[in-house]
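Below is one structure; the comments refer to it alone.
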C-alpha cells in the first residue's frame with residue numbers, strides 16, 4: 001500500500017496552499033501525482049429563486065480556481081510532482097467521492113473546518129460524511145490550529161506531519177490496513193508510536209486476572225506490530241494505556257509530541273455512529289493534530 | 296458588489312422605516328376608522344344575515360365544514376373594510392422583488408432573498424401589529440397556521456418523496472420518446488405536484504436529448520406541460536389549487552377543469568411534436584444509425600416512494616372528507632383533521648428519507664436548497680398579502696371595490712388571474728382572485744358558506760380562476776416555482792435557455808397565448 005496519487009480538494013481557504021506544500025514530502029515514499037479539485041457548490045450558482053442558473057458566476061468561479069491551481073501546479077512541478085485540475089459543479093461530497101473513484105487515488109486530503117473564535121471541533125459534517133463513505137484513506141490535514149492546553153491558548157502549525165505518527169490500533173481489519181500504509185512511510189518517519197487503548201467498555205466489567213490477560217495479549221500484539229514496522233525499516237515503540245479511547249489517544253499524542261494520528265476506521269453510518277460512537281471520528285474531530293483514517 | 300449590497304440594504308430599510316412611520320402617523324386616522332370599523336361590523340352583520348336568509352338552506356351544510364372565518368365572528372373589527380389600499384404596498388413590493396431582483400441583481404438576490412422577504416414581512420407586520428393589536432395578531436397567526444404551514448408541509452412532503460424516485464436507463468430522445476416522456480410528466484404532475492414530476496423527469500429528459508442540437512424548445516415545452524399545465528387536476532398538482540382546497544374547495548372539484556386542461560395540453564403536444572420532428576429531421580438525425588454505447592436498461596428505482604406518495608394523496612383526501620371537530624391553537628380554530636393531515640404528510644416525508652438510500656437522492660442531485668428558498672419567500676408573501684386578502688374579502692366595502700367592479704365576467708377572471716399569475720407567483724394570485732370572487736358574489740358570507748356556492752352556483756368563475764392561475768404560471772420563469780428549478784438544471788446541463796424576455800417573446804406569446812385564446816373562446 002503506497003501513496004502515489006492524492007486527491008487534494010480545496011475551498012481556497014487561508015493556508016490551503018501551505019497545507020498542500022506540507023504534503024510534498026510524500027514524494028519520498030512514491031507520490032507522483034496530485035489531483036487538484038475544486039467543487040463549486042450547486043447552491044452557489046444554481047437555483048436562484050425564481051431566477052435560474054448564474055452561468056457567468058460559474059464561469060467566473062471556474063476561471064478563478066483555474067488561475068489559482070495553475071499557480072499551484074508550477075510549485076508542484078518544481079517538486080517533480082505531476083498534477084491535474086478538476087473543477088466541477090455539484091454537491092461536494094458525492095462529487096469528491098466520484099472523482100476519487102474515477103481518478104483511482106490512494107489518498108484524499110480533507111481540510112479542517114472553517115476557523116471559528118472558539119475552536120473545539122476541527123472537522124465539519126461534510127468531512128465526516130466523506131470519512132464515513134470513502135474507500136480510500138482520508139487525511140484530515142489541520143495545517144494551523146489553535147487549542148487550549150493546560151489553560152493556555154496555543155497556536156500550532158502542523159508541518160512535517162509524518163515525522164512522529166501515533167498509530168492507534170484496535171486490532172481491526174482497518175487497523176491492519178493502516179499498519180500497511182504506515183509501513184510505507186520509510187524515509188519520512190523518525191519513529192512510530194504504536195498505541196493501543198484498553199477501552200473503558202472492555203475493562204469495567206472484568207476481574208483483575210482477565211484484565212491482566214488482555215494486557216499481556218495487547219502487549220504481545222503491539223510488539224508484533226512494532227516488528228512489522230521495523231522490518232519495513234521504521235523505528236517503532238509500543239504504548240499501552242487504559243481509559244476512554246478517544247480522550248486517551250488525544251492525550252498520549254500531545255504528551256509524546258506526536259505529529260499526526262493514524263487510525264483505522266470502519267465507516268459507521270450516522271445512525272450506527274449515534275448509537276455506538278466512533279472513536280476514529282471523535283479523534284478526528286477533537287484532536288489538534290492531523291488525523292489519517294484508513295478504511 | 297459590496298456597494299450594490301449596501302445600497303439595496305439601505306433601500307429596503309428605508310422603505311421599511313417609511314411604512315412604519317406612515318402607519319404610526321396614521322394612528323389618529325385609525326382611531327377614527329376603529330369607530331368606523333365597529334359600525335362596519337354592524338353593517339357587515341346585517342349583510343351577512345340577509346345573505347344567509349337568501350341562501351339559508353344551501354349554507355346549512357357548509358356551516359359545519361370547519362373552515363374558520365378570518366376576522367369574522369370573533370368580536371373583531373372587519374379590517375378589510377377599514378384598511379387603506381396602501382397597506383397592500385408591502386405585498387406588491389414583495390412580488391415585485393421576486394419579479395425584478397432575479398433580473399436586475401441576481402447575485403444579490405441569490406444570497407439575500409431571505410432578508411428581502413423578512414424586510415417586506417416586517418414592514419407590514421410591525422405597523423399592522425402596533426395599530427390593530429389583537430385583531431392583527433389573529434389575522435397574521437391565521438394565515439401562518441391555516442395557510443402557510445400546511446402549504447409548506449405539502450410542498451416539502453411532495454418534494455421529499457418524489458426526490459427519492461430515480462428514473463435510470465439509456466433513452467434516445469426522438470420526437471416520439473420525448474413526447475411520451477413529457478406526457479408521463481404531465482400525467483404525474485397532478486399527483487406528485489408539478490415540482491415533484493418536473494424534478495423526476497427533467498434529468499432523464501435532458502440526458503436522453505444531450506445528443507440533440509436544439510434542446511431549448513424541448514425544455515420550454517417541458518416547463519409548459521409538466522411544470523404547470525399538468526398540475527391542474529388535483530390540489531396536489533399546483534400550489535394555488537392546494538390553497539383553494541385549504542379554503543374549502545373539494546379535492547375532486549378541480550377535475551372540473553379537465554376539459555380545459557385536456558384541450559390546452561392537446562394543442563401544446565401537437566405543436567411540440569411538430570417542432571421536435573422538424574428539428575429532428577433538420578439535424579439530420581432521422582434515419583441516422585443509433586450510436587452504439589453502453590446501454591443501461593430503463594428502470595425506476597425507489598418505487599416504494601409511490602407508497603408514500605399514496606400516503607400523501609390519502610392524507611390530503613382524508614382531510615377533505617372527515618370532520619373531527621376543531622382545535623384551538625394560539626387562538627386560531629383549525630380542524631383536527633387538518634392537523635392530522637399535516638402530521639401524516641411529515642411522517643410520509645420522514646419515511647421516504649429513511650427508506651431511500653442516499654445514493655438515489657444523490658443520483659437525482661437532490662438538494663434542500665429550492666424548498667428552503669420557497670419556505671423563506673412564501674412566509675414573506677403570506678404575511679404581506681394579509682391586507683390585500685382582507686380588503687378583497689370585504690367586497691364593495693373594501694378599497695379594492697373598483698377591481699371587483701371591473702372584473703366581472705369569467706373571461707375577465709381567466710385573463711386577469713392568468714396575466715398576473717404569469718408575472719407574480721400564481722399561488723398568491725389565485726388566493727387574491729379567489730377572494731375577489733367571494734367578495735364580489737357573496738359579500739358578508741363566511742368562507743365556509745360562500746365557497747360551496749362558488750363551487751356550484753358560480754363554478755365557471757372558480758374554473759376561470761383555477762385554470763388561469765395554473766395555466767398562465769407557464770408564461771414566464773417567475774410564474775411558478777418549478778419553472779426556475781427546471782431552467783437552472785437545464786442550464787447547468789448545458790442546454791441554452793432563453794432570457795426572461797426571450798422566453799416570453801419567443802415561446803409564451805407564440806404558443807401559449809394563442810392556446811389560451813382558444814380555451815377562453817370555448818370555455819369562458
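Chains as they are written, first to last, in my numbering: chain C, 1 to 295; chain V, 296 to 819.
We put the CB at the ideal spot given by N, CA and C, even for glycine.
If you drop the 5 nearest sequence neighbours on each side, which residues of the same chain put their C-beta closer than 7 Å to that of residue i?
i	result
residue 770 of chain V	717, 799, 803, 807
residue 138 of chain C	108, 110, 130, 131, 293
residue 624 of chain V	440
residue 559 of chain V	524, 766, 810, 814
residue 89 of chain C	40, 42, 45, 58
residue 316 of chain V	Per-residue confidence for residue 316 of chain V stands at a pLDDT of 47, beneath the threshold of 50, marking its modelled position as unreliable; the derived number appears in the next sentence. No residues qualify anywhere along the chain.
residue 18 of chain C	143
residue 550 of chain V	528
residue 655 of chain V	459, 461, 596, 597
residue 514 of chain V	781, 785, 790, 792
Reducing DSSP to helix, strand and coil, say where residue i ends up.
i	result
residue 814 of chain V	helix
residue 600 of chain V	helix
residue 623 of chain V	strand
residue 38 of chain C	strand
residue 236 of chain C	strand
residue 161 of chain C	coil
residue 738 of chain V	coil
residue 463 of chain V	strand
residue 155 of chain C	strand
residue 184 of chain C	coil
residue 266 of chain C	coil
residue 246 of chain C	helix
residue 196 of chain C	strand
residue 87 of chain C	strand
residue 48 of chain C	strand
residue 502 of chain V	helix
I'd like to know if residue i contacts chain C, where contact means its C-beta is closer than 8 Å to some C-beta of that chain.
i	result
residue 404 of chain V	yes
residue 672 of chain V	yes
residue 783 of chain V	yes
residue 535 of chain V	no
residue 370 of chain V	With a pLDDT of only 47 at residue 370 of chain V, under the threshold of 50, the placement of this residue in the model should not be trusted, and no figure is reported.
residue 445 of chain V	no
residue 793 of chain V	no
residue 665 of chain V	yes
residue 766 of chain V	no
Less than 8 Å between CB atoms is the rule here; does residue i satisfy it with respect to chain V?
i	result
residue 49 of chain C	yes
residue 94 of chain C	yes
residue 78 of chain C	no
residue 90 of chain C	yes
residue 281 of chain C	no
residue 60 of chain C	no
residue 42 of chain C	yes
Just confirm the distance between the C-beta atoms of residue i and residue j, as a whole number of angstroms; I'd bet it's less than 8 Å.
i	j	result
residue 462 of chain V	residue 501 of chain V	At roughly 12 Å, the Cβ-Cβ gap does not stay under 8 Å, so residue 462 of chain V and residue 501 of chain V are not in contact.
residue 125 of chain C	residue 197 of chain C	Between residue 197 of chain C and residue 125 of chain C the Cβ distance is about 26 Å, and since that is not below 8 Å, they are no contact.
residue 249 of chain C	residue 169 of chain C	Between residue 169 of chain C and residue 249 of chain C the Cβ distance is about 10 Å, and since that is not below 8 Å, they are no contact.
residue 705 of chain V	residue 755 of chain V	5 Å
residue 457 of chain V	residue 491 of chain V	3 Å
residue 229 of chain C	residue 262 of chain C	Rounded, the Cβ-Cβ distance is 11 Å, inconsistent with contact.
residue 431 of chain V	residue 675 of chain V	With a Cβ gap of about 17 Å, residue 431 of chain V and residue 675 of chain V do not count as contacting.
residue 374 of chain V	residue 442 of chain V	Contact doesn't hold; Cβ gap of about 16 Å is too wide.
residue 47 of chain C	residue 664 of chain V	5 Å
residue 611 of chain V	residue 620 of chain V	Actually they are not in contact, since the Cβ atoms of residue 611 of chain V and residue 620 of chain V sit about 19 Å apart, beyond 8 Å.
residue 236 of chain C	residue 191 of chain C	7 Å
residue 526 of chain V	residue 489 of chain V	4 Å
Quick one: does the C-beta of residue i sit closer than 7 Å to a heavy atom of the ligand FMN?
i	result
residue 244 of chain C	Among the components modelled here there is no ligand, and therefore nothing to report on the ligand FMN.
Residue i touches chain A at which residues, Cβ-Cβ below 8 Å?
i	result
residue 397 of chain V	Included in the structure are the protein chains C and V, with no chain A among them.
If I measure Cβ to Cβ from residue i and keep anything under 6 Å in the same chain, skipping five residues before and after, which residues do I get?
i	result
residue 69 of chain C	36, 85
residue 483 of chain V	492
Using a Cβ-Cβ cutoff of less than 8 Å, which residues in the same chain neighbour residue i once the five nearest sequence positions on both sides are dropped?
i	result
residue 342 of chain V	Its pLDDT being 37, under 50, residue 342 of chain V is placed unreliably in this model, and the value from its coordinates should be taken loosely. These residues qualify, in order along the chain: 738, 739.
residue 104 of chain C	5
residue 32 of chain C	4, 5, 81, 82
What ranges does the alpha helix (DSSP H) occupy inside the region 753–801 of chain V, keeping only unbroken runs of at least 4 residues that lie completely in it?
As far as the region 753–801 of chain V is concerned, its whole alpha helix (DSSP H) runs of at least 4 residues are 754–767, 776–787, 795–798.
4-residue-minimum alpha helix (DSSP H) runs that sit fully inside the region 610–659 of chain V, ordered along the chain:
Runs found: 631–650, 653–658.
Please give me, in chain order, every unbroken run of the beta strand (DSSP E) with length at least 3 that falls completely inside the region 129–154 of chain C.
The region 129–154 of chain C contains these whole beta strand (DSSP E) runs: 138–141, 144–149.
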